[in-house]
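In this note's numbering, the protein residues as written are 10 to 304.
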């Protein structure tokens, strides 16, 4: 994977492209019992990706998977990931996540724009306006874009962005999520947007970067469910309303109680009464008689 190379685009320019929010979700009415679970990646939209890898613990025993095999797609790549779920606890670790790899490599400069870029004056070029030209399809689900939608503030910025494009729309060095009971946390490594390093705001307070056409990013989205379960998702990325990507999601829920076995009653057989001994014969009573005398 090619390293993410910063460009000269400024932080202010990047903030014109991406909305970055930190939110705590409201409780969701869902009375269905659920198990502790975790997944690394999922996506909905024109490029669907099932929860991969995914584990759940129905009995409270610890389950772990690192089988991160994404289908071939132009949207997302991840170098490695591990998910774990157990008794009222879950966690996810991801490394080297790239959204929209080589997204601007396929943009060919129109001849007039290419000529303008080649003839930029040495000074004063930062006052030149950005031309409003349509961009070709970038290979991932995004709204129709024009050059004015890119994170640039003037013509020199536009020329450098298109002539030396960054390696991705969004790059994440590492992403870790954990939950235990009804609490959890998120740890995000270096994050770059179109090649520009962006400092991740604190996850303890809400923070927003103004919304714009390319993407909206939500970090540390938390939901408490009606059945007592708790879900925390590290990053949710919405690409222009056409595609949603969720990275590193953990759900904590106490395992379902095991059914109590019904007591079994042993089969009883009536015990015969002990045989009574026969009554003793009465003692004979002597009878006095007279016998005749002989002799």
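Heads up, the beta-carbon is just placed ideally off N, CA and C, and yes, glycines get one too.
Since we're looking at a predicted model, the values are computed, not measured.
| Any idea which residues DSSP pairs residue 305 with across the strands? | The requested residue 305 is not part of the displayed model; the chain covers only 10 to 304.
| Nearest CA to the CA of residue 125: which residue from 144, 131, 164 and 115? | Your numbering for residue 125 matches position 116 in the chain shown. For residue 125, the nearest C-alpha among the options comes from 164.
| said: In the DSSP assignment, the alpha helix (DSSP H) including residue 208 goes from what residue to what residue? | reply: Along the chain shown, one-based indexing puts residue 208 at 199. Unbroken run through residue 208: none, as it is neither H nor E.
| query | Nearest to residue 251 by CA position, among 223, 206 and 112, is which residue? | reply | Taking the first residue of the chain shown as 1, we reach residue 251 at position 242. The shortest Cα separation from residue 251 among 223, 206 and 112 belongs to 223.
| Expressed to the nearest angstrom, what Euclidean distance is found between the alpha-carbon atoms of residue 168 and residue 119? | Here the question's residue 168 lines up with position 159 in the chain shown. Here the question's residue 119 lines up with position 110 in the chain shown. Between residue 168 and residue 119, the C-alpha separation is close to 11 Å.
| task | Quick one: residues in its chain with C-beta nearer than 6 Å to the C-beta of residue 65, no 5 flanking neighbours on either side, listed in chain order? | result | Position 56 of the chain shown, counted from the start, is the residue given in the question as residue 65. For residue 65, where only same-chain residues beyond five positions count, the Cβ hits under 6 Å are 44, 46 and 94.
| task | Specify the secondary structure class of residue 136 as computed by DSSP and reduced to three states. | result | As a first step, residue 136 is located in the chain shown; it is residue number 127 there, counting from the start. Residue 136 falls in the helix class under three-state DSSP.
| CA nearest to the CA of residue 143, picked from 153, 130, 149 and 135 | Translated into the one-based positions of the chain shown, residue 143 becomes position 134. Considering only alpha carbons, the answer is 153.
| DSSP three-state call for residue 87: helix, strand or coil? | Here residue 87 refers to the residue found at position 78 of the chain shown. Here residue 87 sits in strand by DSSP.
| Around the C-beta of residue 132, are 16 or more other C-beta atoms found within 10 angstroms, so that it is buried, or is it exposed? | Against the chain shown, residue 132 aligns to sequence position 123. Classification of residue 132: exposed, given that the 10 Å Cβ count is below 16.
| field | Separation of residue 262 from residue 99, as counted between CA atoms | value | By one-based count along the chain shown, residue 99 stands at place 90. By one-based count along the chain shown, residue 262 stands at place 253. Looking at the two C-alpha atoms, the distance is approximately 9 Å.
| task | Look at the Cβ atom of residue 86, then the Cβ atom of residue 107, and state whether they are nearer than 8 Å. | result | By one-based count along the chain shown, residue 86 stands at place 77. By one-based count along the chain shown, residue 107 stands at place 98. In this structure, residue 86 sits near residue 107, with a CB-CB distance shorter than 8 Å.
| message | Let me confirm a value: residue 114 is counted as buried when at least 16 other C-beta atoms fall within 10 Å, else exposed. Which label applies? | response | Start at 1 with the first residue of the chain shown, and residue 114 comes out as number 105. Residue 114 counts as exposed, since fewer than 16 other C-beta atoms from the protein chains shown sit within 10 angstroms of its C-beta.
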